[in-house]
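Protein chains: 2
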Amino acid sequence: MPQPSDLLTRLAVSTVIFALRPDHSGRSVLWTPLVRRTREPQRGYWALPGGWLPPNEELEVAAARTLRATTGLAPKYLEQLYTFGQVDRSPGARVVSVVYWALVQSDEAARASAGPNVRWVPADTLPALAFDHNRIIEYALWRLRNKVEYAEIAHAFLGETFTLAELREVYEAVLQRSLDPANFRRQMIASGRLRETGERLAGAPHRPPRLYRYDTSAVTAESREPFMRERPAS
Amino acid sequence: MPQPSDLLTRLAVSTVIFALRPDHSGRSVLWTPLVRRTREPQRGYWALPGGWLPPNEELEVAAARTLRATTGLAPKYLEQLYTFGQVDRSPGARVVSVVYWALVQSDEAARASAGPNVRWVPADTLPALAFDHNRIIEYALWRLRNKVEYAEIAHAFLGETFTLAELREVYEAVLQRSLDPANFRRQMIASGRLRETGERLAGAPHRPPRLYRYDTSAVTAESREPFMRERPAS
DNA sequence: TCAAAAGTGTTGGGGATACACCCATGG
DNA sequence: CCATGGGTGTATCCCCAACACTTTTGA
Chain G
1415 MPQPSDLLTR LAVSTVIFAL RPDHSGRSVL WTPLVRRTRE PQRGYWALPG
1465 GWLPPNEELE VAAARTLRAT TGLAPKYLEQ LYTFGQVDRS PGARVVSVVY
1515 WALVQSDEAA RASAGPNVRW VPADTLPALA FDHNRIIEYA LWRLRNKVEY
1565 AEIAHAFLGE TFTLAELREV YEAVLQRSLD PANFRRQMIA SGRLRETGER
1615 LAGAPHRPPR LYRYDTSAVT AESREPFMRE RPAS
Chain X
1415 MPQPSDLLTR LAVSTVIFAL RPDHSGRSVL WTPLVRRTRE PQRGYWALPG
1465 GWLPPNEELE VAAARTLRAT TGLAPKYLEQ LYTFGQVDRS PGARVVSVVY
1515 WALVQSDEAA RASAGPNVRW VPADTLPALA FDHNRIIEYA LWRLRNKVEY
1565 AEIAHAFLGE TFTLAELREV YEAVLQRSLD PANFRRQMIA SGRLRETGER
1615 LAGAPHRPPR LYRYDTSAVT AESREPFMRE RPAS
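Sequence order for the protein chains is G and X.
Per my numbering, the first sequence starts with residue 1415, numbered consecutively.
Per my numbering, the second sequence starts with residue 1415, numbered consecutively.
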């Protein structure tokens, strides 16, 4: 069944990774890690983390593995984004890339490993990247911003427990607009997926906010998308 | 850069094709064409139309080509669905399938080519198919039913011009529930994407309905998704 | 003139937005 | 006691579902 000509097309897996970090002015914005290419083609350019698909490894596992390899982190959210296969997207060979996108906990990302060949950059102001990776990240950003509005994924940027102000800051950073705290609170509570921990966060010079936890069991079968696991592979 | 072990994974493109056809009771329901496998593995089973990806062919073009090969039709809507790559989804070899989904005009589909190895079946009551193709079609159905509710793709089942009753019948068939004609009319008009042709459809024993046309130019840049062309490749 | 579908009008409820206002804490 | 963010109350708007009602045709 295999034809000789097929040997020319290679299959790769790449991952767009998002975390929230403060920018120069202190506001939270989206950052993404890139790796420097040490080989041709496009040597020296920054590119998405990824690699060839090992024949015995699941696609999602390969995505989580490259994520861990470049950041030292485990994804809190991981989903297939799109498969890019333009004939001319890589010079010299036909490369089809199955691309995933991931969200990682922001405080973990702050102490994520970096090195001369790994660099975090603001996702909205990218330099010129290798191949079609600019387009890919733009698409991932579009998907993230869309999905945040109808799916409950924002908590993936946060730890186990969080305040509504922290959660709101995630939404504001992703959507790039400020939200009314009062209405935001009601929307989140109305979703039925936040559980009070009973604890509060003290220390700030004002009324201490309640701490919440995201309740995975409250996701109904109707609203769940196919192929969406709670704990992504790692 | 290629490693010898990669030669074991094969890349295929398959397409889930939808058209509306009357079922035994005369109501419009979704149908999809399947092809009988004439080789191992899974010989004799019905499967999605598809084939290996030729190294010099774009993914979307390959999808449109297999669509044409099995139905003789050109897609009115074509979009990438998902890439399936489970290690064990095909016995004997690692096969990664980039799957597309397509909508074809229903009156064309009625006279679509069929043969001993091509068969149209109701998409909601499938027999046991080859590989993981049942799961794939279920996912495509889920996507179609979701997308019909927020994107304007229903007209892809119809011809150049159509009445609001015909368009409503599409929605009702896809969503499997009846819709209020009065409210449906207002929603569609409010979308701003229907243009009156000025003509009416006569012949029935009642008030002749207006004929409309879908206005592709009315799609704003903000609402458009990345990678979505108006005329799919053929 | 009648049946049936096309098309219009009207009403009420639910959710989102805007914003006024009170609460609780550290300094 | 004051500044600050946490948290509640409430009026308004808009979209949508429900449904009564009028219009227009072929038979």
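Quick reminder that beta carbons are idealized off the backbone N, C-alpha and C, glycines included.
Taking C-beta to C-beta, are residue i and residue j nearer than 9 Å?
i	j	result
residue 1492 (chain G)	residue 1429 (chain G)	yes
residue 1551 (chain G)	residue 1462 (chain G)	yes
residue 1444 (chain X)	residue 1537 (chain X)	yes
residue 1494 (chain X)	residue 1573 (chain X)	no
residue 1478 (chain G)	residue 1489 (chain G)	yes
residue 1531 (chain G)	residue 1452 (chain G)	yes
residue 1641 (chain G)	residue 1558 (chain G)	no
residue 1639 (chain G)	residue 1565 (chain G)	yes
residue 1523 (chain G)	residue 1481 (chain G)	no
Please return the same chain residues whose Cβ sits closer than 7 Å to the Cβ of residue i, not counting the five positions on each side in sequence.
i	result
residue 1567 (chain G)	1491, 1517, 1561
residue 1609 (chain G)	1626, 1627, 1629
residue 1496 (chain X)	1513, 1553
residue 1419 (chain G)	Low per-residue confidence applies at residue 1419 (chain G): pLDDT is 44, beneath 50, and the placement is therefore not dependable enough to give any value.
For a contact defined as C-beta to C-beta under 7 Å, what are the partners of residue i on chain X?
i	result
residue 1638 (chain G)	Per Cβ cutoff of 7 Å: no residues; residue 1638 (chain G) is ~10 Å from chain X at best.
residue 1553 (chain G)	1640
Does DSSP classify residue i as helix, strand or coil?
i	result
residue 1588 (chain X)	helix
residue 1613 (chain G)	strand
residue 1632 (chain X)	helix
residue 1475 (chain G)	helix
residue 1432 (chain G)	strand
residue 1605 (chain X)	coil
residue 1496 (chain G)	strand
residue 1507 (chain G)	coil
residue 1439 (chain X)	coil
residue 1595 (chain G)	helix
residue 1641 (chain G)	coil
residue 1462 (chain X)	coil
For a contact defined as C-beta to C-beta under 9 Å, what are the partners of residue i on chain G?
i	result
residue 1508 (chain X)	1467, 1469, 1470
residue 1556 (chain X)	1639, 1640
Within its chain, find whatever has a CB closer than 6 Å to the CB of residue i; leave out the 5 residues flanking it on each side and keep chain order.
i	result
residue 1416 (chain G)	Interpretation of residue 1416 (chain G) is limited by its pLDDT of 43, a score under 50 that renders its predicted location unreliable; the figure taken from the coordinates is listed afterwards. Correct list: empty, nothing qualifies.
residue 1598 (chain G)	1582
residue 1505 (chain X)	1455
residue 1485 (chain G)	1447, 1526
residue 1435 (chain X)	1445
Give me the chain X residues within the contact set of residue i, using Cβ-Cβ distance strictly less than 9 Å, ordered along the chain.
i	result
residue 1456 (chain G)	Within 9 Å Cβ-Cβ: nothing; residue 1456 (chain G) doesn't reach chain X, min ~12 Å.
So which residues on chain X does residue i lean against when the C-beta distance must stay under 8 Å?
i	result
residue 1708 (chain G)	One cannot answer for residue 1708 (chain G) here, as it falls past the ends of chain G, which runs 1415 to 1648.
residue 1422 (chain G)	1469
Run through chain G and tell me which residues come within less than 7 Å of residue i, C-beta to C-beta.
i	result
residue 1501 (chain X)	1470, 1472
What residues from chain G crowd round residue i, counting only those whose CB sits closer than 8 Å?
i	result
residue 1481 (chain X)	Here the premise fails: no neighbours, minimum Cβ distance about 17 Å.
residue 1425 (chain X)	1420, 1423, 1425, 1510
Cutting at 8 Å between CB atoms, please list the residues of its own chain near residue i, excluding the five before and the five after it.
i	result
residue 1593 (chain G)	1582, 1585, 1586
residue 1424 (chain G)	1466, 1507, 1508, 1509, 1510
Q) Do three or more CB pairs link the region 1493–1502 of chain X to the region 1464–1478 of chain G at distances below 8 Å? A) A contact exists between the region 1493–1502 of chain X and the region 1464–1478 of chain G.
(Q) With three or more beta-carbon pairs closer than 8 Å as the criterion, would you say the region 1539–1546 of chain X touches the region 1569–1581 of chain X? (A) With contact defined as three or more Cβ pairs closer than 8 Å, the region 1539–1546 of chain X and the region 1569–1581 of chain X are not in contact.
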